[in-house]
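In our numbering, the protein residues as written are 120 to 865.
As C-alpha cells, the structure follows; a few thoughts come after it.
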C-alpha cells in the first residue's frame, strides 16, 4: 500500500479557517506536518468526521494534533477509509511478524527447555551450550518482546504462548547462570528421592545422602573431599553404577585410577560384585534397572581399574610392544649401577671431592640409563614421561569418557598431567577426583597438593566447570577423636575446612596421653595398655589394635624389632593383628602404611621431641638439599606434612587412642593437645585432670619431674628453654604480702 497524503483545501487556508497542514500515511504510521503536529502508529489512533457547510473536520484521538480542519467532504471520508485500510494492513503485518517470531523463538524455547529439564545433571559444557544458544537470539528477543507486548498483539491466539517463550528466553539472558545452578540443585534433590532405592542397594550399606549426591553430580570436573572413614570407595562404586544405569557412560568408557595396585583391584572387584548383587532377583530395586544391569553383565560390564603406571604401560605397548615394563626392577638395576661406579677409582675420587650435584650424579645416571637401554626396560619416571609423549601426539588415544581418580591428594605432577591430557582429549569427558587434603602425606614421593587445592584451575576447560562435594560423616572414629584430629590439622590455614560428623557420638576420654620416664618402661606401658583394651572390649570379640610409629620398626625407642614381633606373637590369641606380612603378623606399622586402614584401638609410640632422640615425632629432619630439587615446594607451615601424618594416625582408631610420651621430653604435639583440648576429650595418664598451665610463661604446662640424683620429685614448665621455671612443690605456696610498716609520728 503506497503513501497517501491529505491536506486542507486552499480557500480554507486563505480564509483563515485552518492553518496549512499535511497528513501522511506511511508504513503503518500517521504523520501530521503542522505547527502542532505529530506522528504515531495507525493502530494507536482513532478518528471521526464532523461535516460542516463547506468543509469537514476530522477529530483524531491518540495524537497531539486533535483536529484536521478544511478537508473536503470527500477527502474526509477518504481519510477515514484510508485509516481503516492502514489499520487492517498494520494488524496483518503485526500478525505476520508475531508468527515469524513464534516460528523462530518457540522451537528454540522448547528445545532449550527440554535440555534444561533433561533427567541428568547439566555440566558446564551443557550450560554453556544452552546460554550460547539463547544469547545468539538476544537482539531478536528484545524486538519480539516489544512487539508481543504491544496493545494490539493480544488479539492473536499465538501471543500468549509467544510471551511465555520470550519471558523464558529473557530470564536466560538476564540470570541464566544462576537459574541453571538452581536447576542443578533442584535436580539433585529430586533425583536423590527418585533413586533412593537404588542407592540403598548399590553397596552393602545404604549410601548416605552426601554419598548419593556425589554420585549424582556429574560436573565436568568434580572434586569429592572425603573425611577419614567416610566411605569414599563406596561413593566411587555408587557413582560408577549410577553412570551405567543412567546411560551416562558405558563400561568401556569408564576408567578408575588408583594410587596403588591393591586399591585399583579393590575398586574393580567391588564394582563388579555390586552390579551382580543388584541384578539378582531378591534385590528390591526397579525391575527395569535390574534388567539393564543384567544386560550389562551379560555383555561384560568390567570397568577398567588401574594404577597410573599400569595405564602408562598400556599406552606404551600400543607403540612399543617389545619394551619390558618392569618398574619394580629399578632398585636392582640402580644398585648394580652404583656398584660399578664404586669400583671406578676416578668416580670414587670425584665422590670424595664432590662440589656439585652433577659431578657425582652424572656417572650413576649414565650407568643406570645404559642398563635400561640395554635391557629395553623402563623405570617409573620414564614410563610416565613416555606415555605423556604419546598422549600429546594423539590426544584421542584412549577411549575413556569418565575418569575417576582415587587418593587425589597424592597426585604427582606426572600423574596430574596424564589425567589432564586424558580429560581434555574429548569435549564430553568428565573427571571425578576423590581425596582428602588432610591426609596428604606422600610429598616425599613427589605428591603435590597444588592439583587438589587448585583443582579448578588445573583441569577446567571453561569457567565454573568444577564442583566440590564433601563427605563429612565418618563411620570410623568417634566424635571425640574426629574433633581433636580436625582442630589439630586445621592449625594449617591452607587446609580445606570441613565439618566431620561421627556416627559414634562418644567424646569423653577417647585420647589418653600416657607418660614414661625411661625407654625401658615402654614395653610395660604397651602391655598394660593392651591388657586394658582387651578387658574393656566386648567379650567374645578380639579387638583390633595398631601400634603406630613415625619410623620403621628398627627405630622405635624402647622396643626392638625382635621385641615387637615377640609382643605380636604373645598377643595374637587375644588381639586381631592386622599389620606385618602374612607369615609374620605384627601389631606395629608406620603411620604412612596405616593410611586407609582402621582398628578398634591405636597406640602411637615415639611421642617425644628431639632432645630425647633423633627419631622423634614430629620429625625435625630437614629434607636433603638434593631431594629438595625434585620435591614440590614446602608449605608456609613448617610442620604441615607431619601434622597431616598425625591426623592420619589419630583417625585410624575407632574407639580409643593412647599416645605414649616421654615424661621429660614430650612431643610438641602432645603438649598442644594437653594445652588446647581441655574439655574432657583428652586424658593424662588415665585422668581427666590435665597438667596446669605455667603461671610464669602462660604457654607451657607444668609437669611432675623426678631427679634421680636427689631422689626427689619436683615440678617444671614444659618450656624448658623458653621458660625453665621449676617448683619444689605444687601448687606453689601462696606468699602473703606483708603490710607496710606504719611509722608513728612523734
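Glycine included, each C-beta is placed from N, C-alpha and C at the ideal position.
Practice task
May I have the straight-line CA-CA distance separating residue 317 from residue 395, to the nearest angstrom?
Solution key: Here residue 317 refers to the residue found at position 198 when the chain shown is read from its first residue. Here residue 395 refers to the residue found at position 276 when the chain shown is read from its first residue. For residue 317 and residue 395, the distance between alpha carbons rounds to 13 Å.
Problem - Environment of residue 659 [buried if 16+ CB atoms lie within 10 Å] - result: By 1-based counting over the chain shown, the position of residue 659 is 540. Under this definition residue 659 is an exposed residue.
Practice task
Name the two residues that bound the continuous alpha helix (DSSP H) containing residue 666.
Solution key: Position 547 of the chain shown, counting from 1, holds the residue named residue 666. Taken as a continuous stretch (DSSP letters only), residue 666 belongs to no alpha helix (DSSP H), being part of the beta strand (DSSP E) at 663-668.
Problem - Counterpart residues of residue 509 in DSSP-defined beta bridges - result: Taking the first residue of the chain shown as position 1, residue 509 is located at position 390. DSSP lists no partner for residue 509.
Exercise for the section: Name the one or two DSSP bridge partners that residue 552 has. Expected result: Locating residue 552 in the chain shown gives position 433, where the first residue counts as 1. 342 and 524, per the DSSP bridge assignment.
Exercise for the section: Please go through the same chain and pick out, in chain order, the residues whose beta-carbon is closer than 7 Å to the beta-carbon of residue 557, but skip the five residues on each side of it. Expected result: As a working note, residue 557 is residue 438 in the chain shown. Counting only Cβ-Cβ distances below 7 Å, and skipping sequence neighbours, we find 608, 614, 763 and 766.
Exercise for the section: Say whether the segment 555-572 touches the segment 319-327, bearing in mind that this needs 3 or more beta-carbon pairs closer than 8 Å, one atom from each stretch. Expected result: no
Problem - Stretch-stretch touch, CB-based, cutoff 8 Å, three pairs: the segment 645-657 with the segment 821-833 - result: no
Handout entry: Residue of 162, 843 and 804 minimising C-alpha distance to residue 628
Key = Within the chain shown, residue 628 is the residue found at index 509, counting from 1. When only C-alpha atoms are compared, the closest one is 804.
Exercise for the section: Could you work out which residue in 429, 136, 680 and 218 is closest to residue 186 when comparing CA atoms only? Expected result: The residue labelled residue 186 in the question sits at position 67 within the chain shown. If we check each option's Cα against that of residue 186, 136 comes out closest.
Exercise for the section: Rank 217, 690 and 674 by C-alpha distance to the C-alpha of residue 708 and give the top, closest one. Expected result: One-based indexing of the chain shown puts residue 708 at position 589. Checked all of 217, 690 and 674; the closest Cα to residue 708 is 674.
Problem - Per DSSP, cross-strand counterpart(s) of residue 617 - result: For the purposes of this step, residue 617 is taken as residue 498 along the chain shown, with counting starting at 1. Residue 617 is not bridged to any residue.
Handout entry: Cβ-based neighbour list, residue 633, same chain, cut-off 8 Å, excluding 5 preceding and 5 following
Key = On the chain shown, residue 633 is found 514 positions in, with the first residue counted as 1. Only 644, 648, 777, 778, 779, 780, 804 and 805 meet the Cβ criterion.
Practice task
State the start and end residues of the unbroken beta strand (DSSP E) segment that holds residue 780.
Solution key: In the chain shown, the residue the question calls residue 780 occupies position 661. Counting along the chain, the beta strand (DSSP E) containing residue 780 begins and ends at 772-781.
Practice task
For the alpha helix (DSSP H) holding residue 279, just list the boundary residues, first then last.
Solution key: Along the chain shown, read from residue 1 onward, the residue named residue 279 stands at position 160. 277-313 is the span of the alpha helix (DSSP H), which, as asked, contains residue 279.
Exercise for the section: State yes or no: is the C-beta of residue 352 within less than 8 Å of the C-beta of residue 389? Expected result: Residue numbering aside, residue 352 sits at position 233 when the chain shown is read from its first letter. Residue numbering aside, residue 389 sits at position 270 when the chain shown is read from its first letter. Taking 8 Å as the Cβ cut-off, residue 352 and residue 389 qualify as a contacting pair.
Practice task
Determine the contact status of residue 266 and residue 216, defining contact as a CB-CB distance below 8 Å.
Solution key: Numbered from its first residue, the chain shown carries residue 266 at position 147. Numbered from its first residue, the chain shown carries residue 216 at position 97. Yes, Cβ-Cβ distance for residue 266 and residue 216 is below 8 Å.
Exercise for the section: Please report how far the alpha carbon of residue 369 lies from the alpha carbon of residue 301, in whole angstroms. Expected result: As a working note, residue 369 is residue 250 in the chain shown. As a working note, residue 301 is residue 182 in the chain shown. Near 28 Å, if we compare the C-alpha coordinates of residue 301 and residue 369.
Handout entry: Per DSSP, the bridge partner or partners of residue 785
Key = Here residue 785 refers to the residue found at position 666 when the chain shown is read from its first residue. 727, per the DSSP bridge assignment.
Practice task
Classify residue 134 as buried or exposed, calling it buried when 16 or more other Cβ atoms lie within 10 Å of its own Cβ.
Solution key: Here residue 134 refers to the residue found at position 15 when the chain shown is read from its first residue. Classification for residue 134: exposed.
Practice task
Inspect the beta-carbon positions of residue 782 and residue 348 and report whether they are closer than 8 Å.
Solution key: To locate residue 782, count along the chain shown from 1; it is residue 663. To locate residue 348, count along the chain shown from 1; it is residue 229. Cβ distance not < 8 Å, so residue 782 and residue 348 don't count as in contact.
Exercise for the section: Could you check which residue in 335, 251, 391 and 683 has the C-alpha nearest to that of residue 239? Expected result: In the chain shown, counting from the first residue as 1, residue 239 sits at position 120. Closest option to residue 239, Cα to Cα, is 335.
Problem - N- and C-terminal bounds of the alpha helix (DSSP H) containing residue 801 - result: Looking up residue 801 in the chain shown gives position 682. Segment 801-803 is the beta strand (DSSP E) holding residue 801; no alpha helix (DSSP H) there.
Practice task
Please classify residue 843: does DSSP put it in a helix, a strand, or coil?
Solution key: What you label residue 843 is simply residue 724 of the chain shown in a count that begins at 1. Residue 843: coil per DSSP, three-state reduction.
Exercise for the section: State whether the segment 521-529 contacts the segment 717-734, with contact taken as three or more CB pairs (one from each stretch) at a distance under 8 Å. Expected result: no
Exercise for the section: Work out the CA separation of residue 330 and residue 405 for me, nearest whole Å. Expected result: For the purposes of this step, residue 405 is taken as the residue at position 286 of the chain shown. For the purposes of this step, residue 330 is taken as the residue at position 211 of the chain shown. Taking the straight line joining both Cα atoms gives about 20 Å.
Exercise for the section: Would you tell me roughly how many angstroms separate the C-alpha atoms of residue 350 and residue 287, rounded to the nearest one? Expected result: One-based indexing of the chain shown puts residue 350 at position 231. One-based indexing of the chain shown puts residue 287 at position 168. So the alpha carbons of these two residues sit roughly 41 Å apart.
Practice task
List the whole-angstrom C-beta distance separating residue 160 from residue 148, where the pair is believed to meet the contact cut-off of C-beta under 8 Å.
Solution key: Numbered from its first residue, the chain shown carries residue 160 at position 41. Numbered from its first residue, the chain shown carries residue 148 at position 29. Indeed they touch by this definition, with Cβ atoms about 6 Å apart.
Problem - Between the CA atoms of residue 822 and residue 845 - distance to the nearest angstrom - result: The sequence position of residue 845 within the chain shown is 726, counting from 1. The sequence position of residue 822 within the chain shown is 703, counting from 1. So the two alpha carbons sit approximately 9 Å from each other.
Handout entry: Beta-carbon contacts of residue 768 that lie in its chain and below 6 Å, excluding the five residues immediately before and after
Key = Translated into positions along the chain shown, residue 768 becomes position 649. Counting only Cβ-Cβ distances below 6 Å, and skipping sequence neighbours, we find 667, 710 and 723.
Handout entry: Unbroken beta strand (DSSP E) run spanning residue 159, endpoints
Key = The residue given as residue 159 occupies position 40 in the chain shown. From DSSP, the beta strand (DSSP E) with residue 159 extends over 157-160.
Handout entry: Inter-residue CB distance, residue 721 and residue 772 (contact presumed, cutoff 8 Å)
Key = Translated into positions along the chain shown, residue 721 becomes position 602. Translated into positions along the chain shown, residue 772 becomes position 653. About 4 Å; that satisfies the 8 Å criterion.
Exercise for the section: Put residue 150 into one of helix, strand or coil per three-state DSSP. Expected result: Taking the chain shown and counting its residues from 1, the one referred to as residue 150 is at position 31. Of the three classes helix, strand and coil, the one that applies to residue 150 here is strand, per DSSP.
Problem - Cβ pair residue 546, residue 244 closer than 8 Å - result: Taking the chain shown and counting its residues from 1, one reaches residue 546 at position 427. Taking the chain shown and counting its residues from 1, one reaches residue 244 at position 125. In contact: residue 546 and residue 244 (Cβ atoms closer than 8 Å).
Handout entry: Short Cβ contact (8 Å threshold) for residue 291 with residue 298
Key = Working through the chain shown from its first residue, we reach residue 291 at position 172. Working through the chain shown from its first residue, we reach residue 298 at position 179. Yes. Within cutoff.
Practice task
Would you list the one or two residues that DSSP bridges to residue 866?
Solution key: The chain is shown from 120 up to 865; residue 866 falls before or after that span and cannot be answered.
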